[in-house]
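Below is one structure, written out as structure tokens; the observations come after it.
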Amino acid sequence: MSDVSKKRVAIIGAGASGLPSIRHALLYDLEPVCFELTNDIGGLWRYKENERSYKGLKVSSVMKSTVINTSKEMTAYSDFPPKPEIAN
């Protein structure tokens, strides 16, 4: 049950920006409510092999062969540093 003294904030999407927004809302004692179109987290960075629409709406996805042009350290969440054995 919601605490009426807490402010609720809307977070649009559970992707690369939405997930840390949820984390920071919690750190500041806010009540985040995330609105995500699909049943998955990850947003555009979650590869979808076949599913290109959800509830009649087109959903974007990275390609299977996508390679990011930055280091794993620069793109990782601070709470989840990449393992040293993972390639850059």
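For the sequence shown, position 49 matches number 49 in the UniProt record's numbering, and the numbering has no gaps at all. Don't be surprised by glycine CBs; every beta carbon is placed ideally from N, CA and C. Being a predicted model, the structure only gives us computed values, none of them experimental.
Ala10 carries a strand assignment under DSSP once its states are collapsed to helix, strand and coil.
Sixteen is the threshold: since fewer than 16 other Cβ atoms of the shown chains lie within 10 Å of the Cβ of Gly56, the residue is exposed. Excluding residues up to 5 positions away in sequence, Val59 lie with their Cβ nearer than 7 angstroms to the Cβ of Ser53 in the same chain. For secondary structure counted as the alpha helix (DSSP H) over 4 or more consecutive residues, the stretch 18-79 holds these complete runs in sequence order: 18-27 and 72-75. By a beta-carbon distance limit of 8 angstroms, Ser71 contacts Asn88. Their separation comes to about 5 angstroms.
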